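Notes follow once the structure below has been shown.
Residue numbers (our numbering): 11 to 142.
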């Protein structure tokens, strides 16, 4: 049985790595989420470290931003095992930033569908290229 946890070590806190992700990371959109990621040498035992962001420009009230970040963490927590399997299989570690870009609060199910697409895209990008 899979443990649906989101531990402190899985949260990306390093300002250096976050800055590096923005400078030289790869990004893609999966509305209402923008994902910026980069393969990194992480010091943690987990294959991925993630940070969630909701812009203050879009949601002025802190309780709205906190609610959306809580929902993002919850959805990620339930679906991360698929990404972890792919990363461990390919022996990679990544740092990911997920930014909520919608201008309004969406239903939890819509966020869940978007996160499913995000995980699928990340898994696809982690697959090694076929050897010719």
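Glycine residues also receive a C-beta, built at the ideal position from the N, C-alpha and C atoms.
For clarity, every value in this text was computed on a predicted model and none was experimentally measured.
Item                                                                                                                                                                                         : Value
Going along the chain, which residues of its own chain have a beta-carbon closer than 8 Å to the beta-carbon of residue 2, five neighbours each way excluded?                                : Summary: the structure shown does not reach residue 2, with the chain confined to residues 11 through 142, and so no result is reported for it.
Alpha carbon to alpha carbon, what distance is there between residue 53 and residue 41?                                                                                                      : 31 Å
Which term fits residue 120, buried or exposed, when burial requires 16 or more other beta carbons within 10 angstroms of its beta carbon?                                                   : exposed
What are the start and end residues of the alpha helix (DSSP H) that includes residue 116?                                                                                                   : From DSSP, residue 116 is part of no alpha helix (DSSP H); its letter is neither H nor E.
Give every residue of the same chain whose Cβ lies closer than 8 Å to the Cβ of residue 100, excluding the five residues on either side of it in the sequence, and list them in chain order. : 136, 137 and 138
Around the C-beta of residue 13, are 16 or more other C-beta atoms found within 10 angstroms, so that it is buried, or is it exposed?                                                        : exposed
So which of 130, 110 and 78 has the shortest CA-CA distance to residue 97?                                                                                                                   : 130
Checking the sheet assignment: what are the DSSP bridge partners for residue 37?                                                                                                             : 46
For residue 105, which beta-bridge partners are listed by DSSP?                                                                                                                              : 48 and 59
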